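Asks: Below you'll find the structure I mean.
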Amino acid sequence: MADLDHRFVAPPYLRLTDRRKTSAGLVFVWHLRVAQPNIAQISTDTVHSLEHFIGDYLYNTSDDIITVAPMGCQTGFYIATSIEDYDELATLLAGVLERVLEADAVPHADPVHCGWAANHSLGGAQIAAAWLLGRQAEWADPGPDAREV
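Sequential numbering of the sequence shown, starting at 0, is according to numbering that gives the first Met the number 0.
Structure (structure tokens):
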């Protein structure tokens with residue numbers, strides 16, 4: 000699968016970006032793009048907290064999640080999984096985001112479990128989760144002008 004020209008995407012979207020055949024089976028890499036590349040980014044404390052929530056809750060919800068990682072540009076997340084079906088992963092993510100809204104603390108945001116425990120924002124994660132859930136109908140479409148490169 001080709002990458003998208005970052006100048007023409009319209010977040011939020013969830014997009015399958017790669018299929019990898021490994022000795023253990025197929026791995027599917029997804030992009031959850033939250034912010035407009037080269038225009039906006041998620042604050043460091045918010046992206047860090049969302050990483051904790053998404054990783055923790057997805058790992059505890061599905062054995063098909065391999066890893067969740069923030070994009071270095073702070074515009075979204077990489078999700079590696081054995082799930083190829085968009086609807087299945089979108090449903091799992093929506094469930095995670097609903098749990099973020101109900102949370103009273105960021106999971107594992109302590110010095111025992113986190114390498115930068117002071118760098119979290121529950122409020123920021125909840126604002127981002129509410130924004131994403133409010134636009135869930137848009138997740139399947141990276142925008143009318145999106146084009147592969």
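Every residue gets a Cβ at the ideal spot worked out from N, C-alpha and C, and that includes glycine.
As the structure is a prediction and not an experimental result, all values here were calculated from the model.
Taking only three categories from DSSP, how would you classify Gly94?
Replies: Looking at Gly94 - three-state DSSP - the assignment turns out to be helix.
Asks: Put Trp149 into one of helix, strand or coil per three-state DSSP.
Replies: The requested residue 149 does not occur in the structure, where the chain is confined to residues 0 to 148.
Asks: From the DSSP output, which residues share a beta bridge with Ala68?
Replies: Its beta-bridge partners are Tyr77.
Asks: Under DSSP, the beta strand (DSSP E) around Leu3 begins and ends at which residues?
Replies: No beta strand (DSSP E) holds Leu3; DSSP gives it neither H nor E.
Asks: Under the rule that 16 or more other beta-carbon atoms within 10 Å means buried, what is Ala128, buried or exposed?
Replies: By the 10 Å Cβ count, Ala128 comes out buried.
Asks: How many angstroms separate the CA atom of Thr60 from the CA atom of Phe52?
Replies: Using only the alpha carbons, I get a separation of about 12 Å.
Asks: Exposed or buried, what is Leu49 when buried is set at 16 or more other beta-carbons lying within 10 Å of its beta-carbon?
Replies: So Leu49 counts as buried.
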